[in-house]
Amino acid sequence: MKFLIVLVSLLALSGCRDDGFLSKQELETIFAVNAVCGDVETTLDGSCAWGEAYNQFGNESVFALFANPVGDYEHRVVLVQMIWDGDFLCMQNSAAGIREIYSGPTLAFRFDRSNVRRVTDGVFQQMLPLFAREQANDTCYRYAWRDEDQTHLIRTKFVEGNQQPTTKQMLLVPLSAGGLGLAGP
Numbered sequence: 001m002k003f004l005i006v007l008v009s010l011l012a013l014s015g016c017r018d019d020g021f022l023s024k025q026e027l028e029t030i031f032a033v034n035a036v037c038g039d040v041e042t043t044l045d046g047s048c049a050w051g052e053a054y055n056q057f058g059n060e061s062v063f064a065l066f067a068n069p070v071g072d073y074e075h076r077v078v079l080v081q082m083i084w085d086g087d088f089l090c091m092q093n094s095a096a097g098i099r100e101i102y103s104g105p106t107l108a109f110r111f112d113r114s115n116v117r118r119v120t121d122g123v124f125q126q127m128l129p130l131f132a133r134e135q136a137n138d139t140c141y142r143y144a145w146r147d148e149d150q151t152h153l154i155r156t157k158f159v160e161g162n163q164q165p166t167t168k169q170m171l172l173v174p175l176s177a178g179g180l181g182l183a184g185p
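This is the structure we're talking about:
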């Protein structure tokens with residue numbers, strides 16, 4: 001019996017889970033040194049369908065930069081404060097977590113935002129309702145390794161606590177690379 005108690009305690013301390021998802025601590029370790037390149041397998045030239053970089057890790061939240069192409073030669077970057085709910089990373093309802101929106105004249109997503117400009121307050125206020133409509137309330141994400149090499153993550157979406165049937169595959173890109181290329185729409 002003592003052996004079983006010790007084994008269970010060791011498994012709990014090691015973060016071992018039977019659901020296959022990564023813990024908050026594991027994700028923070030990964031995101032502290034890596035950005036993600038979304039759906040790289042679906043683009044013809046190896047560029048990213050979208051990009052994400054995380055920073056300002058806190059006990060209850062983390063800030064994320066989401067970059068998406070919006071034209072043949074430009075992209076948009078949205079700075080969002082996301083909330084931790086245990087090991088779930090959650091969007092705030094009605095786009096409440098959006099802090100800033102940037103626009104860039106190229107398809108190069110620089111992690112330091114050096115090639116983008118913040119949109120005006122008027123444009124920001126006009127765009128918020130659009131983002132709010134695109135996002136379901138109570139949306140959270142969990143992440144798992146796609147491969148043993150630990151070069152890709154799989155993101156699973158949960159809406160109102162229900163796991164959604166589709167997942168997104170994401171390639172890890174070291175933050176030291178400085179940025180990544182986005183695919184045109």
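According to our numbering, the sequence shown is numbered sequentially starting from 1. We treat Cβ as the ideally placed atom computed from N, Cα and C, and that holds for glycine. These numbers were taken from a predicted model, which means no experiment stands behind them.
CA-to-CA, the gap between A136 and C90 works out to about 11 Å.
Bounds of the beta strand (DSSP E) holding E100 are 98-104. Every unbroken stretch of the beta strand (DSSP E) spanning 3 or more residues and falling wholly within the region 46-111 is given here in chain order: 50-55, 61-71, 74-85, 88-90, 98-104, 108-110.
Short of 8 Å from the beta carbon of N34, and not among the five residues preceding or following it, lie these beta carbons of its own chain, in chain order: L172, V173, P174, L175. When only Cα atoms are considered, T167 and T156 end up about 5 Å apart. Judged by DSSP in its simplified three-state form, Q135 adopts coil rather than helix or strand. Cβ-Cβ separation between D39 and Q169: approximately 7 Å, consistent with a contact (criterion under 8 Å). Annotation: I154 to Y141 spans about 10 Å, alpha carbon to alpha carbon. One alpha carbon belongs to G122, the other to P129, and they sit about 12 Å apart. For Q163, the enclosing beta strand (DSSP E) stretches over residues 162-174. Beta-carbon to beta-carbon, F66 and W50 are separated by about 7 Å, close enough to satisfy the 8 Å threshold. Boundaries for T42: no beta strand (DSSP E) harbours it, and the DSSP string shows neither H nor E there.
Sequence-distant partners of F63 (beyond 5 residues in either direction) whose C-beta falls short of 8 Å from its own C-beta, in its chain, are Y54, N55, Q56, L79, V80, Q81, M82, R99.
For L180, the uninterrupted beta strand (DSSP E) segment begins and ends at 179-181.
Counting along the chain, the unbroken alpha helix (DSSP H) around L27 starts and ends at 24-31.
For G184, the closest C-alpha among the options S23, D45, A132 is that of D45. For F111 against L182, the beta-carbon gap comes to about 13 Å, at or over 8 Å, which does not count as contact. Straight-line measurement puts the Cα of I101 at about 19 Å from the Cα of C37.
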